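Before any comments, here is the structure.
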Amino acid sequence: MNSKLLTFISLALTTLFCTCGPAQNDGSDSATAPVMNHLAGQKSPYLLQHARNPVDWYPWGDEALAKAADENKLLIISVGYAACHWCHVMEHESFEDSTVAAVMNEHFVSIKVDREERPDVDDVYMTACQLSNQRGCGWPLNVVALPDGRPIWAGTYFPREQWLRLLGQFRDLQTDNPAKMEEYAASLTNELVKLNNFSPDDKQQLPLGRKELSALATQLIGTLDLQNGGAAGAPKFPMPVLYEFLLAQHFYSHDEATLAAVTLTLDKMADGGIYDHLAGGFARYSTDSLWKVPHFEKMLYDNGQLVSLYAHAYQATGNERYADVVRQTIRFVEDALSDPNGAFYASLDADTEGEEGLTYVWTRAEIDATLNDDKLADAFSEYYSVTQTGNWEGRNILHRSKGAASIAKKHGFADTDDLKEAMTKAASTLLAARKLRPQPGLDDKALTAWNSLMITGYTDAFRALGDEAYRDRAVKAGNFLRQQMMSSDGRLNRNFKDGNSAINAFLDDYALLAQACIDLYQITFDEAWLTTAEKLVEYAGAHFYDEKTGLYNYTSDLDPALISGNVPVDDQVIPSGNSIMARALHQLGILLAEDELQERARNMMALVYPALHNNGPRFYANWARLGTEITEPTFEVAILGADAGAMRRHMSKGYHPNALYLGGDSEGQLELLTNKLVPGETTIYVCLEKVCQLPVNDPELALGQLR
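Mature numbering (1 follows the signal peptide of the UniProt record, and there is no 0) puts the sequence shown at residues -25 to -1, 1 to 682.
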């Protein structure tokens, strides 16, 4: 990037970020304004939050871009999401302010983007922000761009006075020196295009083996906080995919340090304030290094992946606490994020009535009054680190920091089981009282990718715990997506709200739903789920696959092009669309006995391998997980007969990442099941690359063949 541009941007950011404190809103409050802006009629809860702002917001689309071009005005592109605390703060301080609105309306065309509905737009401008800052960015994301959408500059949250100064600077630059603005945009966009387009090295043979996978696991563990769990430092994000790789690697290596890195993080998260000890479920991240202080929004995508991770950890260790976390998190999802139509909602807000975390925190006096039992209140307060003065801003975030045995002894409980029973009773009483409080806002849109993660979470919970309600709920959600989000040719929509589904889906929607369908097949043996998965990967291959790179674009070839394309390979909080698709292709290829699908997955792995090898698994953990699945044998477990479901449930209770299950009470249409049904018996065949061991009728004997 041009050094002068970097200097300009860095100076601007230094000036504007150095005093980010709250500012007074001395303009009008848009909450009472009768006139709606161009967001009226949108379905996104986030966009509708801004529909009565005095800022004349437009949704992303041709109308706003055409207006900017016709009037030769710069664009303000402001990206956020409904559960975002600092998005709400900036809205209240600036976007509800009549003075700020007047400047924005006169000199700019302003666009509001829901990053959850339009992750493609968010990704482009988030990358621009990272280039501008030379560091990470967050939300709200605010971008100044030319009328054609090319970014000039990008930043995050600004108090009102700094935002006004920033607007004035760009207004004056556009008037006095438009050529300079063009120079800034050209330079930043050039860097953006280069960064966003993954250019793999020539495909090479995969040298991955147990030795290198073990080294990758060791390298990843070296980046973790081995005292408090999670990545070193703060803030701390759960990042389930890191621990899924480590858990799978431990299955093959039996290295206890690898397992310990997983269980430490899971234990610390379950102890921390990031976990809701009354209702279940996890917040998006912890602002500190101890998992104590959450940023209180709860996202479906986190909780879906964490249900899977804790279910797998329970299978691997037998630790009942992990099973409890699974049950409680699912209870939270059922209570707060479930639509009767089968869909799952997107998120709960961080704020309640404009105050972060208001619903969740307690004073000691509130706990005493609610429990009305001194012994119980004293024990509960010590169990969950509650103090008279509060452990956070004068109130208390419930979290655990002491062992149960010492608390049980101190407060006169017979043993730890007696104490835990009392804590469960107290938590139930406090939760009932908490439900009477004002509640955080709900983003009740359904997103295909996030729903798919939750479906996979339910399938993993069913395998681990055997609760048929989890299986039935997963099937219900899967049917909703097939019926409401999917066309007969395999095309998907991204979003659903109030009976409408309008936005064309992205790569992660296809990949995650394909994976969810594979998971649904394995817990039901209903071949329709494999048919759906096959249709999805075929459609994605036709409309997302890039022959030049050997990988998939994030957007369909049916969508209007943005200023920069994107071939996603980095695994973030949600793994990349390409790594998810590669895992789905690998598994689907095995189940359907289609070598071509497996070969494409191996080719994708080979293309990304140099990045994994050179950079380590921190941002390629799902690729590393795929590496274990390609390198190690993956068994096909065919179960046929009247008791196929029961035997499958028995076998899948344990953690076996090296097995895929297929079968039913008849042979069906799958090649791997042909000529394997024995009348009057339920038979299990453990196969590898279509070559089967001698059939058995005892699931324990079959499990022995997996080793």
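Note that the Cβ used here is the ideal one computed from N, Cα and C, for glycine as well.
Bear in mind that the values here come from a model prediction, so they are computed numbers and not experimental data.
In this structure, what does DSSP give as the bridge partners for residue 715?
-> It is not possible to answer for residue 715, since the shown part of the chain is limited to -25 through 682.
Taking 8 angstroms as the threshold, find out whether the segment 512 to 528 comes into contact with the segment 646 to 665 through three or more Cβ pairs.
-> No, the segment 512 to 528 does not touch the segment 646 to 665.
Is GLN17 near the ligand ATP, going by C-beta to nearest heavy atom under 7 angstroms?
-> The model on display carries no ligand, and the ligand ATP is accordingly not part of it.
Would ASP246 be called buried (16 or more neighbouring beta carbons within 10 Å of its own) or exposed?
-> So ASP246 counts as buried.
Three-state class that DSSP yields for CYS667 in the structure shown = strand
How would you call ARG682, buried or exposed, if buried means at least 16 neighbouring beta carbons within 10 angstroms?
-> exposed
Give the secondary structure of LEU647 by DSSP, where H, G and I count as helix, E and B as strand, and everything else as coil.
-> The answer is helix: DSSP assigns LEU647 an H, G or I state.
Sub-8 angstroms separation of TRP35 and ASN12 beta-carbons | no
Going by alpha carbons, who is nearest to MET101 out of TRP128, VAL75, PHE83 and ALA76?
-> TRP128
Beta-carbon contacts of VAL99 that lie in its chain and below 6 angstroms, excluding the five residues immediately before and after | LEU537 and SER539
Counting only beta-carbon atoms, is LEU411 nearer than 8 angstroms to chain B?
-> Going by chain labels, chain B is absent from the structure shown, which holds only one protein chain.
Measure the beta-carbon distance from ARG593 to THR198 and round it to whole angstroms, keeping in mind my assumption that it falls under 8 angstroms.
-> Rounded, the Cβ-Cβ distance is 6 angstroms, consistent with contact.
Let me know if VAL30 comes out buried or exposed under the rule of 16 or more other beta-carbons within 10 Å of its beta-carbon.
-> buried
By Cβ distance, which residues of its chain are closer than 7 angstroms to GLU91, with the 5 residues on each side in sequence left out?
-> TYR56, ALA321 and LEU422
Apply the 10 Å Cβ neighbour rule to GLN24 and answer buried if 16 or more other Cβ atoms are within range, or exposed otherwise.
-> Counting the other Cβ atoms within 10 Å of the Cβ of GLN24 gives 16 or more, which makes it buried.
Please specify which runs of the beta strand (DSSP E), each continuous and at least 3 residues long, are wholly inside the segment 74 to 140, giving them in chain order.
-> 83 to 89, 116 to 120 and 126 to 130
Residue of LYS665, LEU417 and GLU341 minimising C-alpha distance to residue 695 = Because the chain here runs from -25 to 682, residue 695 falls outside it and cannot be looked at.
Would you check if there are 3 or more beta carbon pairs closer than 8 angstroms linking the segment 204 to 215 to the segment 256 to 271?
-> yes
Going by DSSP, name the residue or residues bridged to residue 686.
-> Here the chain comprises residues numbered -25 to 682, so residue 686 is not present and cannot be evaluated.
From which residue to which residue does the beta strand (DSSP E) around LEU333 run?
-> No beta strand (DSSP E) holds LEU333; DSSP gives it neither H nor E.
Nearest residue (CA-CA) to TYR159, options HIS270, ARG125 and PHE437 | ARG125
Does the distance from the CB of GLY255 to the CB of GLN303 come in under 8 angstroms?
-> yes
Just to confirm, are TYR49 and ALA120 a CB contact at a threshold of 8 angstroms?
-> The question names Tyr, but residue 49 is Leu in the sequence shown. Cβ atoms of LEU49 and ALA120: closer than 8 angstroms.
Could you have a look at ALA161 and say whether DSSP puts it in helix, strand or coil?
-> helix
If you check the beta carbons only, do ILE493 and ALA508 fall under 8 angstroms apart?
-> yes
Is GLU522 helix, strand or coil when you go by DSSP?
-> coil
C-alpha distance - LEU201 paired with ALA236, whole-angstrom precision = 7 angstroms
Residue range of the alpha helix (DSSP H) that LEU373 falls in?
-> Premise fails: LEU373 is in no alpha helix (DSSP H) and is neither H nor E.
Got a sec, what are the start and stop residues for the beta strand (DSSP E) LEU637 sits in?
-> 634 to 639
6 angstroms Cβ shell around VAL300 - same chain, five flanking residues per side excluded = Excluding residues within five positions, the ones whose Cβ falls inside 6 angstroms are ALA245 and TYR285.
Candidates ARG27, ASP45 and VAL84: which alpha carbon is nearest GLU66's?
-> The shortest Cα separation from GLU66 among ARG27, ASP45 and VAL84 belongs to ARG27.
Would the beta-carbon of THR606 fall within 8 angstroms of that of LEU275?
-> No, these two residues do not count as a Cβ contact at 8 angstroms.
In three-state terms, what does DSSP make of ALA41?
-> helix
Can you list, in chain order, the residues of its chain whose CB lies under 7 angstroms from that of LYS451, leaving out five sequence neighbours each side?
-> GLY317
Opposite PHE471 in the DSSP bridges: which residues?
-> ALA421
Secondary structure, alpha helix (DSSP H): runs of 4+ residues fully inside the segment 503 to 556 = 503 to 518
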